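Numbering (UniProt numbering), first residue to last: 1 to 200.
The beta-carbon is built from N, C-alpha and C at its ideal position, and this holds for glycine as well.
Values in this document were obtained by computation on a predicted structure and should not be read as measured data.
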């Protein structure tokens, strides 16, 4: 299991992108659309194999299923989700709590992937348990993004059951990720940017 990307969730992509750009001090790059869920995004490289996205409902879309990433109840921009890639999604889901969701196959252009999504579109454990993903064909969005000099320094995941969460994610060997006991699910990330350290 490896950290794949971080997601800022919000009701408006324009508002979310402006929020992130103001804080990080760099421009985000065009992303794409997710027709199944009626969402779209903007992206930012965080170095090899890792990226940052701002994701929101796309105006005028009415998906047949609930929007993923908890976006049915999207509000102001916030660091709302983290995504971890695994070599075998079916095996990872067999070992994960049921809230992790069900594997779905998605594609956009020459990118294809399988991702775990709860049927109601909610965030597993309020966003504290990562969305699990498996990219196909060796292609990864981070490889296509310009390097704007932003890197992830740390990701702190808070949850009332932090020890249990850490045990469930024992396959994630990344010193940047820590788990802390908190009253409610929280995500806090620190980045190095061209203007210095920034926390979201």
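Item, Value
"Return helix, strand or coil for residue 25, following the three-state DSSP convention.", "coil"
"Taking 6 Å as the limit between beta carbons, can you name the residues of its chain near residue 32, skipping five residues before and five after?", "108"
"Any contact between the segment 128-137 and the segment 101-118? By contact I mean 3 or more CB pairs, one from each, below 8 Å.", "yes"
"When we look at the beta-carbon of residue 181 and count the other beta-carbons within 10 Å, is it buried (16 or more) or exposed?", "exposed"
"Could you say which of 128, 68, 144, 91 lies nearest to residue 163 if we only look at CA atoms?", "128"
"For residue 184, which beta-bridge partners are listed by DSSP?", "BP columns for residue 184 are empty, so no partner."
"Taking the alpha-carbon of residue 49 as reference, which of 93, 62, 146 has the nearest alpha-carbon?", "146"
"Only counting the same chain, and skipping five residues up and downstream in sequence, which positions put a Cβ closer than 7 Å to that of residue 17?", "28, 42, 54"
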